[in-house]
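Read the structure below first, then the notes.
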Amino acid sequence: METGKTKIVLPPRIQRGDVIRVQVAVQHPMDTGFFRDANAEIIPPWFIKDVQVTLGDEEIARFEWTSGISKDPIVSFQLKAEKEGALTFLWTDNRGGKYSGTAELKFATA
Amino acid sequence: MTDQNENGRRRFLQAVGALGLAAAVEGVSGARKALPAMTRVTRLAVGDDPPPIPNEIVAKIYQDRFQGRAITTGHVTLDIPLMAEDGRYVPVIVESDLPMTAQQYVKSLFLIVDHNPDPLVTAFHFTPALGPVNLQTRIKMKRTSWIRGIAELNTGELYASYLKVETTLNGCG
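Those sequence lines, one after another, are chains A and B. Counting from 1 along the first sequence, just add 2 to a position and that's the residue number in the numbering used here. Counting from 1 along the second sequence, just add 168 to a position and that's the residue number in the numbering used here.
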């Protein structure tokens, strides 16, 4: 497993003005700090605590997360496709690790 | 066993059965009236009071995030299995018919699970660039608990939906 690997799914054909569903998955253990491993050692907390979603250079959403989000988080939401640009998710975890994933939002021609 | 005894026994059983049935019926209808709303419904009807604040952590979240503003029930829908087998992966869909225009939009969406170690599971902050709120994710639950989905408009109004979800497997440790 590669921590921080991001997969973003957009509809195959997007036209200006559509309301599209953005689906995103990221690989992350999201450890709460309450579980123990096989040697009874506490697994320290390690979770994504901040998510920044940008389209082009505009921040369109920000998610405050805790370890209450399941392992390998998935999120999907609706977005108004008003402009083209790079849709970027920037994940920041409680250890300062930063991961990101990008998908191009492009309008279908004709 | 004589006939007389057999009859007596049958009468006795019938009487006990009738009593039991009566008690059961009485128990159910009595419970409806006597027990607080929490124990019998999982989905609140229009006009029901929201579930009480369970602990001081949730009270603090309410204080920090909403400053005691009134929360209206409605305009938000939580779609969660009422019986979530695995507390590690509880699928959640939050929908709302609130507008997403530049003048009025859902600024924040909070998910609070009353009995989690960290009850404020997540807070999503939106802008009008997003479409109508229809958000899907997966959360963890420690045990059976009320889930509160609270939407905050940019103008400050708060709308909420509450759902009691039963969990068998602890997902929080």
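Note that beta-carbon positions come from the ideal geometry of N, C-alpha and C, so glycine has one too.
Asked	Found
Give a yes or no on whether 8 Å exceeds the smallest Cβ distance from Q29(A) to chain B.	no
What's the C-alpha gap between G99(A) and T8(A)?	14 Å
Grab the span of the beta strand (DSSP E) containing F234(B) for me, first residue to last.	Careful: F234(B) lies outside any beta strand (DSSP E), inside the alpha helix (DSSP H) at E224 to F234.
Which of the three DSSP states, helix, strand or coil, is assigned to G339(B)?	coil
Does the count of Cβ pairs from the segment 80-99 of chain A and the segment 37-56 of chain A closer than 8 Å reach three?	yes
What is the DSSP secondary structure of G176(B), reduced to helix, strand or coil?	helix
Whose C-beta lies closer than 6 Å to the C-beta of F65(A) among residues of the same chain, with five residues either side of it excluded?	V53
From E4(A) to F109(A), what does the alpha carbon distance come to, in whole angstroms?	31 Å
Along chain A, in chain order, which residues have C-beta atoms closer than 8 Å to that of G317(B)?	Neighbours of G317(B) on chain A: none; closest Cβ ~14 Å, over 8 Å.
Could you check what DSSP says for A199(B) in three-state terms: helix, strand or coil?	With a pLDDT of 45 at A199(B), under the threshold of 50, the predicted position of this residue should be treated as unreliable, though the coordinate-derived value follows. Looking at A199(B) - three-state DSSP - the assignment turns out to be helix.
Is there a Cβ from chain B that is less than 8 Å from the Cβ of W67(A)?	yes
Taking 8 Å as the limit between beta carbons, can you name the residues of its chain near T68(A), skipping five residues before and five after?	F49 and K51
Contact check, V262(B) vs L277(B) under 8 Å by CB: the rounded distance?	6 Å
Could you name the residues of the segment 53-64 of chain A whose beta carbon sits closer than 8 Å to any beta carbon of chain B, in the order they occur along the chain?	L57, E60, E61, I62, A63 and R64
DSSP on Q80(A), reduced to helix/strand/coil?	strand
Contact criterion: CB-CB distance below 8 Å. Does I10(A) meet it with respect to chain B?	no
With distances taken Cα to Cα, identify the nearest neighbour of D33(A) among E60(A), R23(A) and I44(A).	I44(A)
Under the three-state reduction of DSSP, which class applies to Q182(B): helix, strand or coil?	helix
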